[in-house]
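In my numbering, the protein residues as written are 40 to 477.
Every residue, glycine too, gets a C-beta built ideally from N, C-alpha and C.
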Amino acid sequence: MAHTVQTDVVVVGSGPGGAGVVRDLTRAGKKVHVLEMGRDVPPLGTAFGGAMSYTGGLLGTLSMRQGVLLTGEMLTIMRGVTTGGSSMVYLGTAHDPDPEMWAPFGFDLKTEAEQRKQEIGVAPLPDELIGSGAHAVGKAAVDLGYDWTKLNKFVDPKKCVEDCNVCIYGCHHGAKWHARDWIMTAVSAGATLLNEHKCERVLTEGDRAIGVRVTERGGRSFDLHAPKIVLAAGGIGSPAILRNTGVTEAGRSLFFDPFVMTTGVFDAVQRPGAMMATGMHLKEEGILITDLQYPFLVMALQGVMAVKPSAIWRYRQSLPLMIKIRDEMTGTIDESLRVTKPLTRNDRDKLAEGKRIATKILEAAGAKEVWHSRIGAAHPGGTCAMGTVVDENLETRFKGLHVCDASVVPVPFGIPPTLTCLALSKRLARHLVGNGAS
C-alpha cells in the first residue's frame, strides 16, 4: 500500500514554468516538493553526453515516450526530460509574451516579463559573440527591406565564449540560463527535488485536489499530499497527467511550432557564434526566421535525413536559417502520450513561404547552394489552454490544481516560449502566496 508524504506545494516538472514557481514559493517560506521524471544532469556541453542525457538517456530516447516523441504523422517532437526540462537544450532566446494573447483574460504579462528579465539579465548579445555569417545574413536581410535585429538572450555575455555554438547541449560555461539554476537555488533554500519520480495522476476528493500519486524509478509508489498542486510538465506531460486524473478536456488541441532549416553553403568559412542571436518575426504572417549555426553532429544528421551528405564535409562553409511558424491547433494527445498532429495546408504554405524568404536572404548574402531540412517541432503547447482547461489563474476545475507551462497558451504560438512561461510562473506564484499556498 502506498505511504504518504505531506508538504505545502507539489510542483510536477522542473522546466521554466515549474522552476519559477518553485523559486518564488520557496523564497516565500513555503515547503515545496519538486517531482522530475528525468535524472539530474548538469550542463555538459557535449554532443552525446549532453543531448542524449537531456532526452531521457539512450533507452528513454529510443522508447519514443520521453524526450523524443513521434506523432502518428511521423513528425518528431523534442522535449527535455531532466532537471531544468527543455531549458537544458533550448537556445536561450527571450521573446516577450504577446499581450494580445492574454488580453481576453484581463492581463498582459508585461510587468511579470520585465521582472523576470531583470532577475536573469536578459539582453541582446554584443557583436563579437555573433558569428560572421549571422552578421552577413543580417545585413543582407536589412538590405532587402526586412526588419532583422538582434534577439534578446538568456545569456550572460561575460561568460559566453566566442565561436562556441553548443548551447543545445547544455552550456557548461555557465553563460546560458537554465531552469535547473533556479531549482538548485531553491533546493539550497529548503525545497525538495525528487528526480526519477513520475507523477501518474492527481489525487482528488470531490472538487478539490489533495495530492499526487508518484512512482519511483524502481516501481514503488507513494502519495504526496499537498493543498496546492502545480503541473509544469510541459505541453506533453501536463495534459497526460490531467487525462489520467479525469480531466478529459485536456489534450484535445495542440500546437508545436513546426520548423525547417534552410541552409546556405558559401565559398568562405562561416565563423560560428552564439546560436539564434539575430532574426525577424513576421507576426501577421506567423513566421519567425533566425540565424542558427547548429553544432556539427546536428547539421550532419539533418544532412543525412535530407540526402545532403555535403552537409558533413562542407559544414564550416554552411549557415542555416531556422524558419518556425505559428501552426494551427489541430493535434491531440492522450494519457499514454500518443500524439497526432496533422499539418494543415495553411501550415505547409507558411513553411514554404518561410523557406522562400530564407533562400532569398541567403542568396543575397552570397550563398552558392541552398538546401532544406525535414520538418521538426520543439514547442508543444495549447493542450491545457486557458479558457478551456484552466482559468485566468491557471486553475483547473479541481480547486488547488494549477498548470504552469506552455500547455496553457490559449491560441497558436509560433515564438520561443521560455519568457512567457517564466512570466506566467511569476503571476501564479504571486497568486498562490496571496491565497495561502499552505
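Can the beta-carbon of residue i be found closer than 9 Å to that of residue j?
i: His42; j: Phe261; result: yes
i: Asp202; j: Lys215; result: no
i: Val304; j: Lys394; result: no
i: Val447; j: Gly420; result: yes
i: Gly59; j: Ala445; result: no
i: Val429; j: Val442; result: yes
i: Phe294; j: Ile116; result: no
i: Leu321; j: Leu358; result: no
i: Lys149; j: Pro165; result: no
i: Leu461; j: Ile159; result: yes
i: Thr122; j: Leu232; result: yes
i: Thr329; j: Met338; result: no
i: Ile275; j: Arg240; result: no
i: Ala218; j: Gly57; result: yes
Could you give the DSSP three-state label for residue i: helix, strand or coil?
i: Gly274; result: helix
i: Val51; result: strand
i: Phe261; result: strand
i: Ala162; result: strand
i: Ser477; result: Residue confidence for Ser477 is low, a pLDDT of 41 falling below 50, so the modelled location carries little weight and cannot support an answer.
i: Arg247; result: strand
i: Gln356; result: helix
i: Gln45; result: strand
i: Met40; result: Note that Met40 has pLDDT 43, beneath the 50 cutoff, so the model's placement of it is unreliable and no number is given.
i: Glu167; result: helix
i: Leu17; result: What is shown of the chain runs 40 to 477, which leaves residue 17 out entirely.
i: Met91; result: helix
i: Ile268; result: strand
i: His212; result: coil
i: Glu153; result: helix
i: Val409; result: strand
i: Val194; result: strand
i: Thr2; result: Residue 2 lies beyond the residue range present for the chain, which begins at 40 and ends at 477; the question has no answer from this structure.
i: Gly59; result: helix
What residue range is occupied by the uninterrupted alpha helix (DSSP H) comprising residue i?
i: Leu148; result: Segment: none, Leu148 is in no alpha helix (DSSP H) and carries neither H nor E.
i: Gln341; result: Phe335 to Met344
i: Met140; result: Pro138 to Trp141
i: Val223; result: It should be noted that the sequence gives Met, not Val, for residue 223. Counting along the chain, the alpha helix (DSSP H) containing Met223 begins and ends at Ala218 to Ser227.
Measure how close the beta-carbons of residue i and residue j come, nearest whole angstrom, since I'm counting them as under 8 Å.
i: Val80; j: Tyr93; result: 6 Å
i: Ser53; j: Gly124; result: 6 Å
i: Val48; j: Val269; result: 7 Å
i: His211; j: Pro82; result: 5 Å
i: Asp388; j: Asp366; result: That pair is no contact at about 11 Å.
i: Val537; j: Ala265; result: Because residue 537 is not part of the residues shown, which for the chain are 40 to 477, the question remains open.
i: Arg118; j: Gly285; result: Arg118 to Gly285, Cβ: 24 Å. No contact.
i: Leu327; j: Gly177; result: With a Cβ gap of about 15 Å, Leu327 and Gly177 do not count as contacting.
Between which two residues does the beta strand (DSSP E) harbouring residue i extend?
i: Ile351; result: Unbroken run through Ile351 is the alpha helix (DSSP H), Ser349 to Trp352; no beta strand (DSSP E).
i: Glu392; result: Unbroken run through Glu392 is the alpha helix (DSSP H), Arg384 to Ala403; no beta strand (DSSP E).
i: Ile326; result: Ile326 to Asp330
i: Met319; result: Thr317 to Leu321
i: Lys440; result: Going by the sequence as given, residue 440 is Leu instead of Lys. Run containing Leu440: Leu440 to Val442, per the beta strand (DSSP E) assignment.
i: Leu109; result: Val107 to Leu109
Name the DSSP beta bridge partners of residue i, please?
i: Cys238; result: Val253
i: Gly415; result: Thr115 and Phe298
i: Thr379; result: Thr371
i: Met361; result: Met300 and Thr329
i: His72; result: Val49 and Thr231
i: Arg66; result: Per DSSP, none; premise fails for Arg66.
i: Arg78; result: Thr121
i: Val429; result: Met425
i: Glu434; result: His441
Is residue i near the ligand MG, with its Cβ less than 8 Å from a heavy atom?
i: His418; result: Ligands displayed in this structure: none; no statement on the ligand MG is therefore possible.
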